[in-house]
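Colleague: Pasting a structure here, questions to come.
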Amino acid sequence: MSKANLLDRRAVVAQLLKDRNGAIAVGGLGASTYDIAAAGDHDRNLYLWGAMGGAVMIGLGLALAQPSLPVVVITGDGEMLMGMGSLATVGLQKPANLSIVVLDNEAYGETGGQISHTAASADLVGVAKACGIKDSKAIGTMAEVEAFALSLQDVTTGPRFASAKIDGANLERVLSSRDGTYIVNRIRGSFGRTPI
């Protein structure tokens with residue numbers, strides 16, 4: 016990976032969620048969750064601080080349960096490597112409203128920055144395509160991020176997958192409330208349901 020032309024992770028996520036309308040955003044383990052919170056806390060953000068490998072499957076469940084709403088999963092390369100089998104299930108189910116974005120810094124950021132498999136031989140875009148996600152691409156510029164962000168609102172042509180090579184900056188952790196009842200009530204309210 017060339018260190019010269021890497022994207023700023025927070026700028027990528029902010030652009031993806033800038034015009035989100037009613038989109039549900041699922042954040043994977045660690046930095047991707049902090050990046051989503053930094054872009055602005057929202058009733059339809061689902062933060063997965065410690066569910067490594069589960070973000071895509073949770074996003075898939077939400078996409079199948081709410082087919083008229085756009086669902087975007089934003090996760091890291093380490094978590095995607097752990098949950099690669101989820102791409103096969105997405106490819107089989109083909110939820111038209113699901114988008115998956117991998118923020119790939121080629122490192123396991125939550126465990127000390129060890130080099131991940133994407134720095135060598137693992138091609139996540141190739142895996143996604145092989146699993147049946149036809150709209151799978153690598154993103155390397157902010158113009159490509161902007162174009163992909165526009166597709167997030169389309170609930171008829173997915174699923175789609177993108178991998179963005181990002182810098183490895185160790186940024187400040189931005190957290191929303193971690194109070195379970197508060198989060199459940201906020202999510203229920205955003206879907207017009209009575210709080211518990």
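If you read the sequence shown in the numbering used here, its first letter stands for residue 16, the second for the next number, and so on.
Using N, Cα and C, we set each Cβ at its ideal position, and we do this for glycine too.
#1: At which residue ranges does the region 27-114 contain complete alpha helix (DSSP H) runs of 4 or more residues, listed in the order of the chain?
#2: Output the distance between the C-alpha atoms of G100 and R24, rounded to the nearest integer angstrom.
#3: Please identify the residue among F176, G204 and P85 whose C-alpha is closest to the C-alpha of I139.
#4: If I measure Cβ to Cβ from A29 and keep anything under 6 Å in the same chain, skipping five residues before and after, which residues do I get?
#5: In this structure, how does DSSP classify R24 when only helix, strand and coil are distinguished?
#6: Return yes when the Cβ of A38 is within less than 8 Å of the Cβ of V86, no when it is not.
#7: From this set, R203, K109 and D150, which residue's C-alpha is nearest S178's C-alpha?
#8: Ignore the nearest five residues each way along the sequence and tell me which others in K152's own chain have a CB closer than 7 Å to its CB.
#9: Can you find the residues in the same chain that come closer than 7 Å, C-beta to C-beta, to L167, ignoring five residues on each side of it along the sequence?
#10: Which whole-angstrom value is the C-beta distance of G69 and G106, which I expect to be below 8 Å?
#11: Going by DSSP, what residue range makes up the alpha helix (DSSP H) through A137?
#12: Apart from the five residues on each side of it in sequence, which residues of its chain come closer than 6 Å, Cβ to Cβ, to Y62?
#13: Nearest-angstrom Cα distance between R203 and I211?
#14: Report the option in N120, L79 and L22 whose CA atom is closest to the CA atom of P174.
#15: Hey, L96 and A158: beta-carbon distance below 8 Å or not?
#16: Quick one: grab the DSSP three-state call for F176.
#17: For N36, does the count of other Cβ atoms within 10 angstroms reach 16, so buried, or fall short, so exposed?
#18: Apart from the five residues on each side of it in sequence, which residues of its chain come closer than 8 Å, Cβ to Cβ, to I181?
Modeller: This is what the structure holds:
#1: 46-53, 70-80, 92-97 and 100-108
#2: 25 Å
#3: What sits at residue 139 in the sequence shown is Leu, not Ile. Considering only alpha carbons, the answer is F176.
#4: A54
#5: helix
#6: yes
#7: D150
#8: V140 and A177
#9: L31, A38, P85, V87 and S114
#10: Not confirmed; about 18 Å, so no contact.
#11: Segment: none, A137 is in no alpha helix (DSSP H) and carries neither H nor E.
#12: G42 and T48
#13: 8 Å
#14: L79
#15: no
#16: strand
#17: exposed
#18: L21, L22, D23, R24, V27, L118, D119 and N120
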